[in-house]
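First residue of the sequence shown? That's 1 in the UniProt record's numbering, and the numbers climb one at a time after it.
Backbone N, C-alpha and C define an ideal beta-carbon position, used for all residues, glycine too.
Remember, predicted model here, so these are calculated numbers, not experimental data.
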Amino acid sequence: MKPTWYFIDSGHASPAFNMALDEALLKWHSNGDIPPVIRFYGWEPAALSVGYFQKLKGKIDVDAVHKHGFELVRRPTGGRAVLHDNELTYSVIVSENYETMPPSVTEAYRVISQGLLEGFQELDIQAEFSIPEGKLQQTGSAVCFDEPSWYELIVEGKKAAGSAQTRQKGVILQHGSIPIEVDDITLFDLFIYPNERVKERARKAFGGKAAAINEVAGRRINLPEVKDAFKRGFEKGLDIHLEPYTLTEEQLQEVYTLMEERYQSKEWTYSR
1 MKPTWYFIDS GHASPAFNMA LDEALLKWHS NGDIPPVIRF YGWEPAALSV GYFQKLKGKI
61 DVDAVHKHGF ELVRRPTGGR AVLHDNELTY SVIVSENYET MPPSVTEAYR VISQGLLEGF
121 QELDIQAEFS IPEGKLQQTG SAVCFDEPSW YELIVEGKKA AGSAQTRQKG VILQHGSIPI
181 EVDDITLFDL FIYPNERVKE RARKAFGGKA AAINEVAGRR INLPEVKDAF KRGFEKGLDI
241 HLEPYTLTEE QLQEVYTLME ERYQSKEWTY SR
């Protein structure tokens, strides 16, 4: 018998709700209230999420974020900024002591990312793990998809999924973005550059580093098909059975409270 994990497809929700739910799931799993979880979600409105440690000043053009109709949210995980729009976002919540989960952060990425690898293969997209030689070259960019980290997914040499991880209360929370389409024109309007020439150079360089599903699949793939493929991928890659789960009213209320107290708070969002 394969281990049973919960599967939550929470649909499109506000950026603050999305981050609050991921944090709540981590807490509930730590308390033993729920088994490990795979969650899929989307963003309404679209948003720029920044990493827990990421500085906004001099990096993120907050006025441009709002001008484009996006929201700004700070994640509980590290990493760099990601524009969440036409994509599938996933999260994995599992104990650090789970029997097949390695203790090191890098190797845990490898195990979890196997689910992503299988998901791409379900779509007939030949993805592979990024395994940088030696230490990653640091570009200083605030943009997540500018360079792959260990065991992130690359297709045709381009980064096809960006992930971030945190460990709290004995639990791993890894979540990430799987772009279906990438609008790099809009994306680069959200960051601060010394001048337009530097911005344009960065945008052109980015075009050779990031891949979206509809760019590499050779056909247009809709969100339901992407969800089905990656659900099967996680079941196969992690050797688990996913059981659909619906949050209780009590759980939802806890998420809303956390959303209002933390992720809608300017103190949290603009803390760095």
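- In the DSSP assignment, His84 falls within the unbroken beta strand (DSSP E) covering 82-84.
- Take Thr269, set aside five residues on each side of it, and the residues of its chain with a beta-carbon closer than 7 Å to its own are Leu72, Val73, Arg74, in chain order.
- If you check the CB distance, Phe70 and Lys227 do not come in under 8 Å.
- Annotated three-state conformation of Arg220 is coil, per DSSP.
- As DSSP reads the structure, Gly176 sits in a beta bridge with Tyr90, Ser163.
- The beta carbon of Thr166 sits closer than 6 Å to the beta carbons of Pro76, Thr77, Leu173 from its chain, once the five residues preceding and following it are set aside; these are given in chain order.
- For Glu87, same chain residues with a beta-carbon under 7 Å away, outside a window of 5 residues either side, are Ser177, Ile178, Pro179, Ile180 in chain order.
- As summarised for the segment 29-113, the continuous beta strand (DSSP E) elements at least 3 residues long and confined to that stretch are 37-43, 47-50, 71-74, 82-84, 87-95, given in chain order.
- For Pro35 and Asp22, the gap between their C-alpha atoms comes out near 14 Å.
- In the three-state scheme derived from DSSP, where H, G and I count as helix and E and B as strand, Gly11 is classed as strand.
- Collapsing the DSSP output to three states places Lys158 in a strand.
- Per DSSP, Glu250 lies in no beta strand (DSSP E); the unbroken alpha helix (DSSP H) holding it starts and ends at 249-258.
- Relative to the Cα of Glu200, the nearest Cα in the group Asn222, Phe188, Ala211 belongs to Phe188.
- With distances taken between CA atoms, Glu118 lies nearest to Phe234 out of Asp85, His12, Phe234, Asn18.
- Here Thr4 carries a strand assignment [DSSP, helix/strand/coil].
- A Cβ-Cβ contact shorter than 8 Å links Ala127 with Ala160.
- Leu238 is positioned such that its CB atom lies closer than 8 Å to that of Gln114.
- Beyond the five residues adjoining it in sequence on each side, Tyr263 comes within less than 7 Å, by CB distance, of Ala16, Met19, Ala20, Val73 in the same chain, given in chain order.
- Rounded to whole angstroms, the gap between the alpha carbons of Pro103 and Ile93 is 15 Å.
- Contact annotation: Ser265 and His175 have beta-carbon atoms that are not nearer than 8 Å.
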